[in-house]
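Note sheet for the following structure.
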Amino acid sequence: MTTDVETSAAAGEFFQPHSEVFTPEFFRNPYPFYAMLRDNAPVIPVPVPPANVRVWVVSRYADVRAGFADPRLSSDYRTALPDFLAAGLAFGAGTVAERTMLNLDPPDHTRVRGLAAATFTSARISQWDAAIRATVGDLLDALPTGEPVDVMAHLAAPLSVRSICMVLGADPGDEADLRRWGDLVFTADPAELPQVPEAAARLLGYAEELVVRKRARPADDLLSALVAASDESGALSADELLATTIGLVVAGYESTIRLVGDLLVALLDHPDQLAALRAGRYTTADAVEETLRYDGPQSSSLWRFATEDLEIAGTTIPAHEPVLLLVGSAHRDGRHYPDPDTFDLGRADKRHLAFGHGIHHCLGAALARLESRILLESMLARYSRTTLAGARDEIPYKPSLVVRGPDVLPLVLHR
42 MTTDVETSAA AGEFFQPHSE VFTPEFFRNP YPFYAMLRDN APVIPVPVPP
92 ANVRVWVVSR YADVRAGFAD PRLSSDYRTA LPDFLAAGLA FGAGTVAERT
142 MLNLDPPDHT RVRGLAAATF TSARISQWDA AIRATVGDLL DALPTGEPVD
192 VMAHLAAPLS VRSICMVLGA DPGDEADLRR WGDLVFTADP AELPQVPEAA
242 ARLLGYAEEL VVRKRARPAD DLLSALVAAS DESGALSADE LLATTIGLVV
292 AGYESTIRLV GDLLVALLDH PDQLAALRAG RYTTADAVEE TLRYDGPQSS
342 SLWRFATEDL EIAGTTIPAH EPVLLLVGSA HRDGRHYPDP DTFDLGRADK
392 RHLAFGHGIH HCLGAALARL ESRILLESML ARYSRTTLAG ARDEIPYKPS
442 LVVRGPDVLP LVLHR
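Here the numbering used here = 1-based position in the sequence shown + 41.
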């Protein structure tokens with residue numbers, strides 16, 4: 042067994058804090074660093090700015106998958122050390138917002154998720170198909186052709202936030218606020234972290250108003266169904282209902298916007314695969330699933346905390362310390378995937394961890410897949426080709442430990 046002191050000393054051989062990690066270059070391409078971790082230090086503490094809080098990162102596929110299912114890795118912020126909570130890295134810590142499904146352990150998680158899952162049905166998702174297609178069509182109609190356009194700002198983000206409004210039954214006028222709050226949820230940018238508490242407070246206030254509105258004037262939307270089911274069963278407390286509403290916004294926004302950006306970049310980076318997709322050799326579902334594995338929107342798990350001294354891959358993580366399961370690294374682990382660095386739409390084993398594993402598997406995974414497939418189908422039908430406007434190595438990526446995708450993606454769309 043390796044002690045945490047020995048591991049900390051070994052870490053210095055592989056990276057210098059603030060030089061290799063948490064830079065624009067790292068967020069643009071973390072995969073060489075991940076490979077180094079998998080081969081040399083599969084479980085290692087990393088000082089996370091701005092407070093240099095020690096966070097343990099787990100990088101190999103087998104350990105990441107096992108970590109998702111390990112009850113000794115808690116999602117509950119209340120198991121964390123005070124210095125972690127004081128660092129401002131946990132969205133909504135100390136407020137109702139921290140009690141979303143994403144941050145609950147059983148039995149509370151089981152109860153809350155059970156009620157949410159009963160309203161978030163496959164039949165309801167199928168009903169959204171036509172609305173999503175109409176939204177995508179409207180957004181594409183508004184985009185210029187033959188000149189650069191930032192598809193993150195004018196396509197991915199509006200699709201994501203309009204989908205949230207559709208799911209919640211929110212007013213279109215709420216889109217700007219939802220987008221602003223959504224952009225701050227998973228940020229690791231030291232310049233943005235001071236804005237996070239206010240964003241969490243405003244999102245909480247918005248959720249309170251929305252729940253009151255749905256209780257007074259229910260409609261045919263998921264949140265109205267959730268409020269009605271909660272009121273009828275008494276399964277959720279008032280705070281849990283608010284937190285669940287917040288969770289729908291938080292998870293829904295990032296899962297779509299980043300997946301859209303990652304999907305377009307992956308296909309543009311691999312013109313042979315894009316040509317095969319256009320020729321009908323593969324489906325849009327193939328493209329979405331391989332993107333989720335190869336360079337998907339989930340860099341890591343959400344925060345986990347060891348409930349006891351916990352040994353992973355021969356290294357002991359002390360109790361109560363924060364842990365991130367590096368999903369992006371796991372997906373490039375040659376111990377599990379043949380040719381993991383190859384983007385292959387025909388890959389036989391399409392299974393991945395992009396939507397988590399175990400009890401916290403993403404409730405909205407089917408919706409994110411549907412949105413991405415519809416968008417890709419529509420773009421392939423509408424445009425003869427799409428090109429990147431600018432240098433590939435200058436695309437800025439979101440500074441986040443948890444989600445991954447371009448912040449800006451200038452493309453030229455050709456009819």
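In this text, a Cβ means the ideal position worked out from N, Cα and C, and glycines have one as well.
Where residue i and residue j are concerned, what is the direct C-alpha to C-alpha distance, given to the nearest angstrom?
i    : j    : result
G187 : P312 : 19 Å
A328 : I166 : 20 Å
H59  : F346 : Confidence in H59 is poor, its pLDDT being 41 and thus under 50, which makes the residue's placement too unreliable to answer from.
A76  : E249 : 44 Å
P118 : F161 : First, the amino acid is wrong: residue 118 is Tyr here, not Pro. One C-alpha to the other measures close to 26 Å.
V320 : T428 : Residue identity differs from the one stated: residue 320 is Ala in this sequence, not Val. Rounded to whole angstroms, A320 to T428 spans 18 Å at the Cα level.
T43  : V99  : With a pLDDT of 45 at T43, under the threshold of 50, the predicted position of this residue should be treated as unreliable, though the coordinate-derived value follows. Distance between the alpha carbons of T43 and V99: 14 Å.
V368 : F396 : 9 Å
N144 : S278 : 16 Å
L196 : A432 : 20 Å
D457 : R106 : For the chain, the structure presents residues 42 to 456; residue 457 sits outside this window and is missing.
I353 : F68  : 26 Å
A389 : E330 : 11 Å
T285 : R456 : 42 Å
A159 : L267 : 9 Å
V237 : A316 : 42 Å
T176 : P259 : 23 Å
G446 : R220 : 16 Å
I think residue i touches residue j, with their Cβ atoms under 8 Å apart; what is that distance to the nearest whole Å?
i    : j    : result
V449 : D191 : 5 Å
P83  : D104 : 6 Å
S413 : V306 : Rounded, the Cβ-Cβ distance is 13 Å, inconsistent with contact.
P86  : R79  : Actually they are not in contact, since the Cβ atoms of P86 and R79 sit about 16 Å apart, beyond 8 Å.
A240 : L264 : Wrong, their Cβ atoms sit about 20 Å apart, outside the cutoff.
For residue i, name the three-state secondary structure that DSSP assigns.
i    : result
H372 : coil
T285 : helix
W169 : coil
F346 : strand
I85  : strand
H455 : strand
T427 : strand
R95  : strand
I436 : coil
V62  : coil
L442 : coil
D385 : coil
P379 : coil
V190 : strand
S341 : coil
V252 : helix
T160 : helix
P259 : coil
T357 : strand
V466 : Not covered by the structure: residue 466. The range shown for the chain is 42 to 456.
L404 : coil
S3   : Outside the displayed span of the chain (42 to 456) sits residue 3, for which this structure offers no information.
T44  : Only weak support exists for where T44 lies, its pLDDT of 44 falling under 50; the value from the coordinates is given anyway. DSSP places T44 in coil when its eight states are reduced to three.
Output yes or no for whether 9 Å exceeds the beta carbon distance between residue i and residue j.
i    : j    : result
D262 : M193 : no
A92  : A134 : no
S242 : T136 : According to the sequence displayed, residue 242 carries Ala and not Ser. Yes, the pair counts as a contact, with Cβ atoms nearer than the cut-off.
C403 : S296 : yes
D385 : P338 : no
P189 : L452 : yes
K439 : R299 : yes
R154 : I415 : no
R334 : Y378 : yes
A406 : Y102 : no
F227 : F125 : no
T356 : T120 : no
L421 : T325 : yes
Y72  : D380 : no
R152 : A276 : yes
Between the Cα of residue i and the Cα atoms of the options, which residue gives the shortest distance?
i    : options                   : result
A217 : V290, A128 and R101       : V290
R174 : L417, L452, S115 and R433 : L417
F74  : H361, S340, A430 and E249 : S340
L411 : D230, E362, L251 and S201 : S201
L351 : S342, H361, L343 and W344 : H361
Y424 : D170, A284 and D182       : D182
H393 : E349, D336, L318 and Q168 : D336
L365 : Y72, V62, G108 and P65    : G108
H150 : L209, S116 and K391       : S116
L235 : L454, G246, L245 and W222 : First, the amino acid is wrong: residue 235 is Pro here, not Leu. Checking every option, the nearest Cα to that of P235 belongs to W222.
I205 : E233, L130 and L251       : L251
I287 : A157, S441, G214 and P199 : A157
R113 : A257, A276, P147 and L408 : P147
G178 : Q168, S163 and R203       : R203
R140 : I436, L283, A430 and L454 : L283
A211 : L180, Y247 and L408       : Y247
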